Amino acid sequence: MKLIYEKSSPGRPGVQMTSIKISESEEIPSRYLRSAPPELPEVSEAEVVRHFTALSRLNYSIDTHFYPLGSCTMKYNPKACEAAANLPELTEVHPLWPQLWGGGMLTQGSLAILYRTERMLSEITGLDEFTLQPMAGAHGELTGVMLMAAYHDDQGNDQKDHIIVPDSAHGTNPASAMLAGYDVVTIPSDEKGMMDFDFFREALNEKTAGVMLTCPNTLGVFNTRIREICDAVHAVDGLMYYDGANFNAIMGRYKPGEIGFDICHLNLHKSFATPHGGGGPGAGPVGVVEKLRPYLPISRVKRRTEGTYVLHYDEPKSIGYIAPFYGNFGILVRAYAYMVSLGKEGLLGTSNRAVLNANYLRERLRLLFGVEKAERCMHEFVFSGDFLKKHGVHVLDVAKGLIDRGFHPPTIYFPLNVSEAVMIEPTETEDLDTLDRFVDVMKEIFELAESDPNALHEAPITTPVGRLDEVKAAKDMRLSCE
Ligand SMILES: *Cc1c(COP(=O)(O)O)cnc(C)c1O
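In numbering that gives the first Met the number 0, the protein residues as written are 0 to 481.
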């Protein structure tokens, strides 16, 4: 693709600049003045629009391509939820407007949405209270671990010094625990991909502040001994933390609060109608059991007996502010619209399809990967690409080959405890044809790995830039064109 400068041709500007008379000597010191006017590209307005539209199409996006990036839940999000979040009645509200002003109801609708969103998340997770403030999954984790610390502090549990995290956890779990001042004790996975129970029993003691579990975990495996783990942790007055970032695997099927979890965060920007990725705004609300309610961040949305809503700040044991006002409001509105439009049955259908799609894809790919044993997974699954090594091909080559064939690559080299890991999450929003096409293309790539491995080493060849030296790009970053 041509650069915009290469499209320039003299005398064809898209914008007419009016010249403004400013006295140079007064306004701008001469050392800051250019000696000659800047060389801006001269391109007509229509061509500028086409140029940037064409550039935007070079991106992969869920609106254009299948995006099976494991652990990230890159799924289609209903445009209706987007429209709800863009209603002027919701976007034009300022959080500093009075909640009840001369009988006015300027922010009552927004507060009602917040309140109902909290109530629905409580219903879905089986936890008593929610805060909507945290702005990301990791932010929710930090909030959750701070709640743990506040609880232990209040209970006089001074000996608590560590948090147990299995090695299959998302990297943010140990990071959040450390940031909140705890040591992290890592437990290896057993052959089924679950936290090794014996190692866990050995690590658990009176000094354990809590355990952070992802369920299903990063291997897409549901830990079948959760209740035993919860009971053991509660016996030493520890707290159970549930990483619910990938809640589309289980919502409607079971409630973390009902099997013994005390704290849980959800990633609304994965499972609840906000696109994930690109570093955009997110929301990681945190739910807790009743005994942790006093420590939740302020403000809290309260419903008064006459049916109006107020923001409540008077919580003496609260951990304080986690985010300004009440979090990323637009993301919360999307989640609200999503839950209301799907209803209970719809949410259950979502997780059923997420798990069905993953199992279908896993089963179809299993034989291509040379995996003999059929096993069930949750919403995502992991394969080892070790079998390709004999052809001198790595899963990086497979990922690049997929790009040439119109698919975003799955997650590779994660989780770390599987060599040449390929982690696939189809999500509930893909149809059968797309899944079948993906399998066909994977098959084609594996055949190519055998017949012509070099062709894969050269991939991608259809993109504006070919294979990048990623290590050099990270270590020797150059951010200008010079
Ligand atoms: C994505 C994810 C997180 C972190 O969420 P962020 O919003 O990226 O901070 C935490 N845990 C799990 C299991 C995840 O998949």
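All C-beta atoms in this analysis are idealised placements derived from N, C-alpha and C, irrespective of residue type, glycine included.
Because the structure is a prediction, the values reported are computed rather than measured.
- At the C-beta level, D230 and G259 come within 9 Å of one another.
- The region 195-212 makes contact with the region 234-253, as at least three CB pairs between them are under 8 Å.
- In this structure, the alpha-carbon of D403 lies about 12 Å from that of M441.
- In the displayed model, K301 falls within a strand according to three-state DSSP.
- Runs of the alpha helix (DSSP H) spanning 4 or more residues and lying entirely within the region 396-480 occur at 431-450, 452-456, 469-474, in chain order.
- Counted as a single uninterrupted DSSP element, the stretch harbouring A84 is not any beta strand (DSSP E) but the alpha helix (DSSP H) occupying residues 78-84.
- For P165, no alpha helix (DSSP H) run applies; the uninterrupted beta strand (DSSP E) run containing it begins and ends at 161-165, by DSSP.
- Membership of I225 in any beta strand (DSSP E) is not indicated; the residue belongs instead to the alpha helix (DSSP H) covering 225-234.
- By the Cβ-count criterion, E429 is buried, with 16 or more other Cβ atoms from all chains shown falling within 10 Å of its own Cβ.
- With a cut-off of 8 Å, the C-beta of A420 is classified as distant from ligand 1, since no heavy atom of the ligand falls inside that distance.
- One thing to note: Y320 has its Cβ no nearer than 9 Å to the Cβ of V300.
- As computed with DSSP, D261 is found in no beta bridge at all.
- Per the coordinates, the alpha-carbon of Y66 lies some 12 Å from the alpha-carbon of N58.
- At a Cβ-Cβ threshold of 9 Å, A282 and N222 do not count as neighbours.
- Residues P40, E41, V42 of the same chain have their beta carbon placed closer than 7 Å to that of S7, with the five preceding and five following residues left out of the count.
- Here DSSP, grouped into helix, strand and coil, assigns D197 to helix.
- When the Cα atoms are used, L178 and L141 turn out to be separated by approximately 7 Å.
- 9 Å or more divides the Cβ of L126 from the Cβ of I318.
- Here the alpha carbon of D160 sits roughly 21 Å from the alpha carbon of K290.
- Rounded to whole angstroms, the Cβ separation of G279 and A84 is 13 Å, and the two are not in contact under 8 Å.
- The residue among G465, P296, I297, G405 with its C-alpha nearest the C-alpha of I444 is G405.
- Two segments are said to touch when three or more pairs of C-beta atoms, one from each, lie closer than 8 Å; by this definition the region 85-94 touches the region 104-121.
- Checking the 8 Å criterion, the Cβ of D261 is out of range of every heavy atom belonging to ligand 1.
- Ranked by how close their Cα comes to the Cα of A234, the residues G256, E344, R200 have R200 in first place.
- A322 carries a coil assignment under DSSP once its states are collapsed to helix, strand and coil.
- Judged by their CB atoms, H264 and G136 are nearer to each other than the 9 Å cut-off.
- In the three-state reduction of the DSSP assignment, V339 falls in the helix class.
- Counting the other Cβ atoms within 10 Å of the Cβ of L431 gives fewer than 16, which makes it exposed.
- In the three-state reduction of the DSSP assignment, H93 falls in the coil class.
- Taken through DSSP and simplified to helix, strand or coil, F51 comes out as helix.
- When DSSP states are grouped into helix, strand and coil, E44 belongs to the helix group.
- In the three-state reduction of the DSSP assignment, F221 falls in the coil class, being assigned neither a helical nor a strand state.
- Not one heavy atom of ligand 1 lies closer than 8 Å to the C-beta of S188.
- Membership of A137 in the alpha helix (DSSP H) is indicated by the continuous run 136-154.
- Assignment of beta-bridge partners to G243 by DSSP yields L265.
- When P315, T349, A322, D157 are compared, the shortest CA-CA separation from N245 is found for T349.
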